[in-house]
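Just so you know, the protein sequences line up as chains E and H, in that order. The opening position of the first sequence corresponds to residue 9 in our numbering, with each subsequent residue numbered one higher. The opening position of the second sequence corresponds to residue 29 in our numbering, with each subsequent residue numbered one higher.
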Amino acid sequence: MSFVNYVNKEVNCKIVYYGPGLGGKTTNIQYVYQKTSGDNKGNIISLNTENERTLFFDFLPLDLGEIRGFKTRFHLYTVPGQVFYEASRKLILRGVDGVVFVADSQVERMEANLESLKSLEKNLVDQGYDITKIPMVMQWNKRDLPNATSVKDLHDALNKWGIPEFEAVAMKGTGVFDTLKMISKLVLMNLKGGLE
Amino acid sequence: MINNSSKIPKYVQAFFESCEIDEKISRFSFFMIRSDGVVLYHNSNLANSLSKSSIGALLSGVWQASKALSQFIPKEESKEGYRLSFDTSSQGIYIVPISTEIDELYLGLIYHDEVNPGFIKNKMREMASSFAEFLNQELKDHKAKQELTNNVFDKNDYLFADISDAEMDRLFAFIKN
Numbered sequence: 009m010s011f012v013n014y015v016n017k018e019v020n021c022k023i024v025y026y027g028p029g030l031g032g033k034t035t036n037i038q039y040v041y042q043k044t045s046g047d048n049k050g051n052i053i054s055l056n057t058e059n060e061r062t063l064f065f066d067f068l069p070l071d072l073g074e075i076r077g078f079k080t081r082f083h084l085y086t087v088p089g090q091v092f093y094e095a096s097r098k099l100i101l102r103g104v105d106g107v108v109f110v111a112d113s114q115v116e117r118m119e120a121n122l123e124s125l126k127s128l129e130k131n132l133v134d135q136g137y138d139i140t141k142i143p144m145v146m147q148w149n150k151r152d153l154p155n156a157t158s159v160k161d162l163h164d165a166l167n168k169w170g171i172p173e174f175e176a177v178a179m180k181g182t183g184v185f186d187t188l189k190m191i192s193k194l195v196l197m198n199l200k201g202g203l204e
Numbered sequence: 029m030i031n032n033s034s035k036i037p038k039y040v041q042a043f044f045e046s047c048e049i050d051e052k053i054s055r056f057s058f059f060m061i062r063s064d065g066v067v068l069y070h071n072s073n074l075a076n077s078l079s080k081s082s083i084g085a086l087l088s089g090v091w092q093a094s095k096a097l098s099q100f101i102p103k104e105e106s107k108e109g110y111r112l113s114f115d116t117s118s119q120g121i122y123i124v125p126i127s128t129e130i131d132e133l134y135l136g137l138i139y140h141d142e143v144n145p146g147f148i149k150n151k152m153r154e155m156a157s158s159f160a161e162f163l164n165q166e167l168k169d170h171k172a173k174q175e176l177t178n179n180v181f182d183k184n185d186y187l188f189a190d191i192s193d194a195e196m197d198r199l200f201a202f203i204k205n
C-alpha cells in the first residue's frame, strides 16, 4: 500500500517486477541502478543463491524528485522467478502499488510466462487485489533473440486486459525506462489521499 | 472517511519528540517501520536516507519471512506474540512488533559491543508498548475531535488526478546517458 507522508510531504510507492525465472526482472532493476545518478538511488540489495538466482528479493530504492511539492520515492522489488519460491513471491507482493510483468519472449518460455501470470493473478486475489484494477504494465523482454515470439502472440496470450505493453532488451537497457516511467505514472495517478 | 494511516507519521514524530529514549538504546541505530518496509522513524547515522530504505526493506522482509515460517510451528499461536532476534552474545538485530489499531508496525534495533543485550531488548519492548499506547490514545482523541467538529477530510480523492508526460519526464531527468 502506498504511503503518503504529509509531515515530510513524501510519497512512497512499491513496484514489484514479476515474471518467470530468468526472464530479466533483476536485469531490469540492475540497469535502472546503473543508469541512475548517485543522489537518486540507494544500494541495490540482492538476496541471491550462490549461482546468482534471486532467492528472496532484489530491492532498489529510488528518489524520483518532486511532483507538485511531494517528494516521490519508489521501492523497486523483484520476486524470485523459480516456481518453487511461491511463498516468497506472496510475501513480496504485500502492499504492492504497481506490477511490471516481465515476460520472456522466447517461444519455449511461453508456458512459463502463462504459469507465472496465473500465479500472479492468484497471489493478488489472495491478498485482496484485483488484477484489473491494480496499476500494471507488461514488458516483452529479450526481443533481440532469434527465437522470440511475435508481439501479437504475446499480446494475445498474456495481455487480455489490454494494459500498456513495452518491448525490451533489458540487457541493453532498451525499454527498461519506458516501462518504469509508465508504471510510475500509473501508480502516482492511482494514489488516494487528497490534500489536507 | 478518513484514512488514519496517513496520520501515523505525525504521531510518530510527536512521540519521539516527547519521550526520552533510554541512553543505552540511543547509542545504537533503531528504526520504526511499516510492514511494507517504509521507514517511519530512525535515529540512525549509519548511512544516507536511501540506505535506510534498504534497511527498512530488509527488516520487514526478515520479519515477514519469519512470520510465514512460524506457521509451521505445531502449536497454537502464543498469546505473548513473537519477537525476532539474530544475535551473538554482544551484537545483533532485534525486532519487536507494535500493536496498533490500524497498521502493523515494527521497531528494529541494530546493536553491537553490548554487554547486556537482554536489557536493551527489554527497553525496546517497553518502547514498543509505550508507542502503541500513545498512538491508540491519539487516535481515540482524534476520532472524538472529529466527531465533535464533523471535520472530515475526503481521503478518497486522488492525490494527483492527472499527471502530464512533461511532469514524468522531469521526474526521470536523473537518467544518465
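Don't be surprised by glycine CBs; every beta carbon is placed ideally from N, CA and C. Keep in mind that this is a model prediction, so the values were computed, not measured.
Taking residue i as the reference, which of the options has the closest Cα?
{"i": "LYS22/E", "options": "ASP64/H, TYR122/H and GLN41/H", "result": "ASP64/H"}
{"i": "GLU94/E", "options": "ALA178/E, ASP112/E, SER127/E and LEU196/E", "result": "SER127/E"}
{"i": "GLU108/H", "options": "GLU166/H, ARG153/H and HIS170/H", "result": "ARG153/H"}
{"i": "ASP138/E", "options": "MET146/E, TRP169/E, LYS160/E and GLU116/E", "result": "TRP169/E"}
{"i": "SER96/E", "options": "LYS95/H, MET196/H, ILE101/H and LEU199/H", "result": "LYS95/H"}
{"i": "PHE78/E", "options": "ILE203/H, SER72/H, GLU195/H and ILE101/H", "result": "GLU195/H"}
{"i": "MET197/E", "options": "LEU199/H, PHE200/H, ALA189/H and ASP193/H", "result": "ALA189/H"}
{"i": "HIS163/E", "options": "PHE174/E, PHE92/E and LEU153/E", "result": "PHE174/E"}
{"i": "GLY29/E", "options": "ASN131/E, ILE171/E, ALA111/E and PRO143/E", "result": "ALA111/E"}
{"i": "HIS140/H", "options": "PHE43/H, GLN41/H and ILE53/H", "result": "ILE53/H"}
{"i": "PHE124/H", "options": "LYS204/H, ARG55/H, PHE200/H and PHE59/H", "result": "First, the amino acid is wrong: residue 124/H is Val here, not Phe. Residue PHE59/H is the option with its Cα nearest to VAL124/H."}
{"i": "VAL24/E", "options": "ILE75/E, SER10/E, SER45/E and GLY181/E", "result": "SER10/E"}
{"i": "ASN51/E", "options": "LYS80/H, ILE101/H and ILE126/H", "result": "LYS80/H"}
{"i": "GLU129/E", "options": "LEU63/E, VAL115/E and MET144/E", "result": "MET144/E"}
{"i": "ASP115/H", "options": "SER98/H, ILE191/H, ILE130/H and VAL143/H", "result": "VAL143/H"}
{"i": "VAL195/E", "options": "ASN121/E, LYS180/E, LEU166/E and VAL108/E", "result": "VAL108/E"}
{"i": "TYR110/H", "options": "SER127/H, SER192/H and HIS70/H", "result": "SER127/H"}
{"i": "THR57/E", "options": "GLU119/E, GLN90/E and ASN13/E", "result": "GLN90/E"}
{"i": "LEU112/H", "options": "GLY146/H, ILE130/H and SER82/H", "result": "GLY146/H"}
{"i": "SER192/E", "options": "TYR14/E, ASN121/E and VAL104/E", "result": "VAL104/E"}
{"i": "GLY120/H", "options": "GLU129/H, LYS171/H and GLY136/H", "result": "GLY136/H"}
So with CB distances below 9 angstroms, who are the chain E contacts of residue i?
{"i": "ALA160/H", "result": "In chain order: nothing, as chain E lies at least about 19 angstroms away."}
{"i": "PHE100/H", "result": "Near PHE100/H there are no residues of chain E at all, since even the closest Cβ is about 11 angstroms away, more than 9 angstroms."}
{"i": "LYS204/H", "result": "GLN42, LYS43, THR44 and SER45"}
Given that residue i touches chain H, what residues does it touch there, using C-beta distances under 8 angstroms?
{"i": "ALA95/E", "result": "ALA96"}
If contacts are defined as beta-carbon pairs under 8 angstroms, then residue i and residue j qualify, I think. What distance do you get, rounded to the angstrom?
{"i": "LEU199/E", "j": "VAL19/E", "result": "6 angstroms"}
{"i": "LEU70/E", "j": "LEU55/E", "result": "No, LEU70/E and LEU55/E are not in contact; Cβ-Cβ is about 19 angstroms, not under 8 angstroms."}
{"i": "LEU72/E", "j": "LYS49/E", "result": "Their Cβ separation, rounded to whole angstroms, is 10 angstroms, which puts LEU72/E and LYS49/E out of contact at 8 angstroms."}
{"i": "PHE65/E", "j": "ILE100/E", "result": "5 angstroms"}
{"i": "TYR122/H", "j": "LYS149/H", "result": "5 angstroms"}
{"i": "LYS114/E", "j": "ALA156/E", "result": "The identity of residue 114/E in the sequence shown is Gln, whereas the question assumes Lys. Contact flag correct, Cβ pair sits at about 6 angstroms."}
{"i": "ARG102/E", "j": "GLN92/H", "result": "7 angstroms"}
{"i": "GLY84/H", "j": "ILE61/H", "result": "5 angstroms"}
{"i": "PHE200/H", "j": "LYS98/E", "result": "No, PHE200/H and LYS98/E are not in contact; Cβ-Cβ is about 31 angstroms, not under 8 angstroms."}
Can you pull the chain E residues whose beta carbon is under 8 angstroms from the beta carbon of residue i, in chain order?
{"i": "PRO37/H", "result": "ASN13, TYR14, VAL15 and ASN16"}
{"i": "LYS171/H", "result": "Neighbours of LYS171/H on chain E: none; closest Cβ ~16 angstroms, over 8 angstroms."}
{"i": "ILE191/H", "result": "ILE75, LYS193, LEU196 and MET197"}
{"i": "ASN86/H", "result": "It is worth fixing the name first, because residue 86/H is Leu in this sequence and not Asn. Ordered by position in chain E, the residues that pass the 8 angstroms Cβ test against LEU86/H are ILE53 and PHE67."}
{"i": "MET196/H", "result": "LYS189, SER192 and LYS193"}
{"i": "GLN41/H", "result": "VAL15"}
{"i": "SER57/H", "result": "What SER57/H touches in chain E: nothing, since even the nearest Cβ is about 16 angstroms away."}
{"i": "SER79/H", "result": "GLY50 and ASN51"}
Which partner residues of residue i appear in the DSSP bridge assignment?
{"i": "ILE23/E", "result": "LEU84/E and GLY106/E"}
{"i": "ASN149/E", "result": "ASP112/E"}
{"i": "TYR139/H", "result": "GLY120/H"}
{"i": "GLY73/E", "result": "THR80/E"}
{"i": "GLU18/E", "result": "ASN13/E and LYS79/E"}
{"i": "ILE126/H", "result": "LEU133/H"}
{"i": "HIS163/E", "result": "In the DSSP output, where bridge partners are listed per residue, HIS163/E has none listed."}
{"i": "THR62/E", "result": "ASN56/E"}
Can you pull the chain H residues whose beta carbon is under 7 angstroms from the beta carbon of residue i, in chain order?
{"i": "LEU99/E", "result": "GLN92, ALA93 and ALA96"}
Going along chain E, which residues have a C-beta under 7 angstroms from residue i?
{"i": "ASP115/H", "result": "Under the 7 angstroms cutoff, chain E gives no residues; its nearest Cβ is about 20 angstroms from ASP115/H."}
{"i": "VAL66/H", "result": "PHE11 and ASN20"}
{"i": "GLY89/H", "result": "PHE64 and PHE65"}
{"i": "ARG111/H", "result": "By Cβ distance, chain E contributes nothing, its closest Cβ being about 19 angstroms from ARG111/H, past 7 angstroms."}
{"i": "PHE44/H", "result": "Per Cβ cutoff of 7 angstroms: no residues; PHE44/H is ~12 angstroms from chain E at best."}
Examine the ligand GDP and report whether any of its heavy atoms sits within less than 7 angstroms of the Cβ of residue i.
{"i": "PHE43/H", "result": "You won't find the ligand GDP in this model; it holds no ligand whatsoever."}
So which residues on chain H does residue i lean against when the C-beta distance must stay under 9 angstroms?
{"i": "HIS163/E", "result": "None at all; the shortest Cβ gap to chain H is about 23 angstroms."}
{"i": "LYS130/E", "result": "Result: empty, since nearest Cβ-Cβ is about 17 angstroms, beyond 9 angstroms."}
For the stretch 61-80 of chain E, which residues have a beta carbon sitting closer than 9 angstroms to at least one beta carbon of chain H?
PHE64, PHE65, PHE67, LEU68, PRO69, LEU70, ASP71, LEU72, GLY73, GLU74, ILE75, ARG76, PHE78 and THR80
Mind checking the stretch 138-158 of chain E against chain H and listing, in chain order, the residues whose C-beta falls within less than 7 angstroms of any C-beta there?
none
Residues of the stretch 32-51 of chain E with a CB closer than 7 angstroms to any CB of chain H: list them in chain order, please.
LYS43, THR44, SER45, ASN48, LYS49, GLY50 and ASN51
The stretch 165-186 of chain E: positions lying closer than 7 angstroms to chain H by Cβ
PHE185
Give the residues from the stretch 139-160 of chain H that approach chain E closer than 9 angstroms (Cβ to any Cβ), ordered along the chain.
none
Any residues in the stretch 97-126 of chain E with a beta carbon nearer than 7 angstroms to a beta carbon of chain H? Which ones, in chain order?
LEU99, ARG102 and GLY103
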